[in-house]
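Novice: Protein chains in written order, with our numbering: chain D, 105 to 340; chain E, 6 to 267; chain A, 34 to 325.
Ideal Cβ placement from N, Cα and C applies to all residues, glycine included.
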Amino acid sequence: MPSLLSAVSQAFSMIVSLDSYLLSVVGVSLKVSGMALLISVPVSALVASLLGLGRFPGRNLLRTLVNTGMGVPSVIVGLVVLLLLSRSGPFGGLGLLWTPTAMVISQCVLITPLITGVMLSAVVGVDRAISEAAHALGASRLQRVLTVIREARFGFLTAVLAGFGRAISEVGSVLLVGGNIVFPNGVSYTRTLTTAIVVETRKGQFETALALGIVLIVIVLSLNLVASRLQRRGTL
Amino acid sequence: MSSILSARGLRFVYPGGVEALRGVDLEIHAGEVFAVIGPNGAGKTTLFRVLNMFYRPSAGRVEYRFQTARDGSELSLRRRMAMVFQDPVLLNASVWENVAYGLFLRESFPGRLRVRLHRLGRKFRLSLPATELEARVERALEEVGLSGFGGKHARALSRGEAQRVALARALAVEPELLFLDEPTANLDPPSALLIEEVIRTANRRGTTVLLASHNIGQVRRLADRAALLVEGRIVESGPVGELFRPPGSGFIREFVGEELLT
Amino acid sequence: MRPMKRVVVLAVCLWGLFSLGQVAWGVGELVISTTTSVYDTGLLDLLNAVFGERFGVPVKVIAVGTGAALRLAREGNVDLVLVHAREAEDEFLRGGWGINRRDVMYNDFVLVGPPDDPAGIGGLESVVEALRRIAERGARFLSRGDDSGTHKREISLWEVAGVTPSAPWYMESGKGQGDNLVQASLMGAYTLTDRGTFISLRERLELLVLVEGPLNGGDPLLMNPYGVIAVNPAVYPDRNYVMAMAYIGFLTSPEGQRIIGEFRVHGERLFVPMALSREPRFEQYVPQDWRR
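#1: Which first and last residues belong to the alpha helix (DSSP H) in which isoleucine 132 (chain A) is found?
#2: Under 8 Å between beta-carbons, which chain E residues line up against leucine 241 (chain D)? List them in chain order, please.
#3: Give the straight-line distance between the Cα atoms of proline 313 (chain A) and serine 117 (chain D), rounded to the nearest whole angstrom.
#4: Please classify glutamine 55 (chain A) as buried or exposed, where buried requires at least 16 neighbouring CB atoms within 10 angstroms.
#5: Tell me which same chain residues have a C-beta within less than 7 Å of the C-beta of tyrosine 318 (chain A), skipping the five on either side of it?
#6: When the Cα atoms are used, what is the spatial distance from serine 233 (chain A) to glycine 221 (chain D)?
#7: Relative to the C-alpha of threonine 205 (chain D), which candidate in D:Gly197, D:Val278, D:Gly158 has its C-alpha closest?
#8: Would you mind listing the beta strand (DSSP E) stretches within the stretch 131 to 204 of chain E that are 3+ residues and don't spill past its ends, in chain order?
#9: Valine 41 (chain E) by DSSP, collapsed to three states: which one?
#10: Do phenylalanine 304 (chain A) and isoleucine 293 (chain A) have their C-beta atoms within less than 7 Å of each other?
#11: Does leucine 261 (chain D) pass the burial test, meaning 16 or more other C-beta atoms within 10 Å, or should it be called exposed?
#12: Around the Cβ of leucine 325 (chain D), are there at least 16 other Cβ atoms within 10 angstroms (buried) or fewer (exposed)?
#13: For the stretch 187 to 196 of chain A against the stretch 271 to 287 of chain A, do three or more pairs of beta-carbon atoms, one drawn from each stretch, fall closer than 8 Å, so that the two count as touching?
#14: Comparing C-alpha positions only, which one of A:Thr183, A:Pro201, A:Phe296 sits nearest to leucine 225 (chain A)?
#15: Do alanine 263 (chain A) and methionine 278 (chain A) have their C-beta atoms closer together than 7 Å?
#16: With a threshold of 16 other CB atoms inside 10 Å of the CB of glutamate 295 (chain A), please say whether the residue is buried or exposed.
#17: Helix, strand or coil for alanine 217 (chain E), going by three-state DSSP, please let me know.
#18: Taking CB distances under 7 Å as the criterion, tell me whether leucine 216 (chain E) reaches chain D.
#19: How big is the Cα-Cα spacing for glutamate 108 (chain A) and tyrosine 274 (chain A)?
#20: Is the shortest distance between the beta-carbon of phenylalanine 39 (chain E) and the beta-carbons of chain D less than 7 Å?
#21: Determine the extent of the beta strand (DSSP E) in which arginine 230 (chain E) is found, giving its start and end residues.
#22: Distance, Cα to Cα, valine 94 (chain A) vs serine 148 (chain D)?
#23: If you follow the beta strand (DSSP E) that methionine 256 (chain A) is in, where does it begin and where does it stop?
#24: Cα-Cα, which of E:Ile239, E:Ala190, E:Val178 is closest to serine 218 (chain E)?
#25: Taking the CB atoms as reference points, tell me whether arginine 117 (chain E) and phenylalanine 109 (chain E) lie closer together than 7 Å.
#26: One question on the structure: do glycine 48 (chain E) and alanine 25 (chain E) come within less than 7 Å of each other, judged by their Cβ atoms?
#27: When the Cα of aspartate 193 (chain E) is compared with those of E:Tyr60, E:Leu216, E:Arg169, which residue comes out closest?
#28: Quick one: which residues of the stretch 266 to 279 of chain A get their C-beta closer than 7 Å to a C-beta of chain D? List them in chain order.
#29: If contact is defined by three or more beta carbon pairs under 8 Å, each pair taking one atom from either stretch, is the stretch 287 to 306 of chain D in contact with the stretch 76 to 85 of chain A?
#30: Under three-state DSSP, which class holds serine 11 (chain E)?
#31: Listed in chain order, which residues of the stretch 226 to 242 of chain A have Cβ atoms closer than 7 Å to some Cβ of chain D?
#32: Which of helix, strand or coil does DSSP assign to glycine 34 (chain E)?
#33: Applying the criterion that 16 or more other CB atoms from any shown protein chain within 10 Å of the CB defines a buried residue, is serine 254 (chain E) buried or exposed?
#34: Look at the alpha carbon of leucine 218 (chain D) and the alpha carbon of glycine 156 (chain D), and state the distance between them as a whole number of angstroms.
#35: Give a yes or no on whether the minimum CB-CB distance between lysine 307 (chain D) and chain A is below 7 Å.
#36: Give me the chain D residues within the contact set of valine 4 (chain E), using Cβ-Cβ distance strictly less than 8 Å, ordered along the chain.
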């Protein structure tokens, strides 16, 4: 077994040489998770605001659904989406299976509850007195909601980063609905960083798997650094 | 003496069943300082929340007679009032943002955009004229003695400074009716006196002031008339001079204590 | 500078287009489901590159377990399936989900184990005998346990041996071939593996081939034939049947068979082509028990 050190050094040389397989896989990861984020964030913001500030029947049920949704394993989400998009399934006619679009869909389903949950706690964490002060200074109902959301802005940003982190490091759902496809010339179609790690480890290409792992960790690490800087700014 | 606010038969019951107001009648004269005093839990805060339309009364009605309300709608009436709370409750932003908050609420989208662009432009050393909104913010900051504090962040303020910012925030919108719920309760004496001075100045300009306070000294210094609220009912009211002249009614003696009566 | 700039922009655009990987001029795309063991050898990338160029169609391979590969085909999610599990393939054919089956190639399984060989099976010619000994001595055995082609073969071999494997010496990993080998190596357990995966991982493993397969003159019971089947267009008319048939044609053509036969991993041959034959081999087209 070659030493861990030699594996790591080979990994670094792959990264530095901008290996095209590595690049295309990173590209797919960022594209898919980025798109999922773009869709999930506004939806989550809406739901979180409604849940945190509104009063309507079924509110507690929705809250429970959000909390449950946060803990669903990615494989389950992938399986359900696979069955939905399968030719023999209800949405088979759309021909979305094995495409990055299917991956975006499943990641949306996966991260929306998480983002909503974190945004919700941010909204709820805003001092109730803020809402009353807004009223006392002449805010309309909508303005009150917007004021609370603005006060929760750092929490919202944390939610977005949490969602992206979850999306980019998940394997289960994109593996199932994407098919982990790479064209014969080595350019990735639906292979992400994480699913590439699965394949390369399976094939015994530990150096490649490590290189991919390092890139993934660097991405997630930078996200967390940004998040922690924001946390510090966000406290009054 | 015209009346700016008159309330008749106000009752308020909290959802849990607690009856906080049991039939309150009030008549506030335009331009006066009116104090509401009473023990904790008497209903002072609830009363203020009903009067500034945060709560709807369970019974009774309130009539407002503002001079500059745009129409009779709830929002336009509310926008002639402003309130300062016992805790400053500032936004997580700069002092300038906080003081400008109420003004932004009342400003149209193009107006808000214009102010933001002007401020942004000035950051890049473009010379742009000061907008009306910015001028009002400056005036409010001056009035509370915090000129130059605009750039400071709210979390960097002392408690006294924070409360002054809250007061500036309320004064910036030039309310006809200003609510003050124990505004100096947790402040050091110098800050408290400063705030009292600002209140006096604002009142001299014509702002009607509704003050809830524990501080009898403050009430005697600032208020023209006062009402004693006990368990949701007004048990005594009248000009401050008369109210606190010995021997004083049983209620007053009980609430105030013998020593404070001159 | 300006004409130069235009050239650069055009070059960038063309590069962008081409780097999408496929300048597809053929009809649609071809989606194949197959097993991880054959995909991981890299043979398909080789074949598909040639096919893609010849027919102008991007080939997308979905590598999963045997069961999943057939399930995907059964539900019309792929155009073609390539697996090595004859019983399951026969069931697939009987169900009418697939047509035009062809034998493509075979490789073999080998029985590997720890160098110290606690059950003493090294060099045995009969894999069934080796399994009996492992059971008798209670030597550790790690099974795929995942319904894969390898797993199914292993089950049938235990049946022939007349042994019902059980705890504590018999364990299931539920993993793919590579992961299973790594685990077996770490545990010092015997396991059944396809030759190809073992060869690619050999350096990292502390396992030896103890019972050989037919590629090296060993037990024919370890032969592992691969079959390719097109998804039935009568059931799933939207699939790319024409390209699937072109692919089958390519795989079973002299050229395709040559590529398969010449394929080497670490200098070793992994697959033996078996599609070409002067004699009619009707048994490859229908389920094995088909009698009219």
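Specialist: On the basis of the data shown:
#1: No alpha helix (DSSP H) holds isoleucine 132 (chain A); the beta strand (DSSP E) holding it covers 131 to 146.
#2: Ala87, Met88, Tyr106, Gly107, Leu110, Arg174, Ala175, Val178
#3: 53 Å
#4: For glutamine 55 (chain A), the predicted structure reports a pLDDT of 46, less than 50, and the residue's modelled location is therefore unreliable. A value from the coordinates is still provided. The residue in question, glutamine 55 (chain A), is buried, as its Cβ has 16 or more Cβ neighbours within 10 Å.
#5: Excluding sequence neighbours, tyrosine 318 (chain A) sits near Arg134.
#6: 45 Å
#7: D:Val278 is the residue among D:Gly197, D:Val278, D:Gly158 whose C-alpha sits nearest the C-alpha of threonine 205 (chain D).
#8: 182 to 186
#9: strand
#10: yes
#11: Its Cβ being crowded by 16 or more others within 10 Å, leucine 261 (chain D) is buried.
#12: exposed
#13: no
#14: A:Thr183
#15: yes
#16: exposed
#17: strand
#18: no
#19: Distance between the alpha carbons of glutamate 108 (chain A) and tyrosine 274 (chain A) is about 15 Å.
#20: no
#21: 230 to 235
#22: Roughly 35 Å between the two C-alpha positions.
#23: 256 to 264
#24: E:Ala190
#25: yes
#26: Result yes, Cβ atoms of glycine 48 (chain E) and alanine 25 (chain E) sit closer than 7 Å.
#27: Minimum Cα distance to aspartate 193 (chain E) is reached at E:Arg169.
#28: Tyr269
#29: yes
#30: strand
#31: From the stretch 226 to 242 of chain A, only Ser233, Leu234, Arg237 have a Cβ closer than 7 Å to chain D.
#32: It is worth fixing the name first, because residue 34 (chain E) is histidine in this sequence and not glycine. In the structure shown, histidine 34 (chain E) sits in a strand (DSSP, three-state: E or B).
#33: exposed
#34: 15 Å
#35: For lysine 307 (chain D), the answer is yes, since a Cβ of chain A falls inside 7 Å of its Cβ.
#36: This structure does not reach residue 4 (chain E), given that chain E is present from 6 up to 267, and the question cannot be answered.
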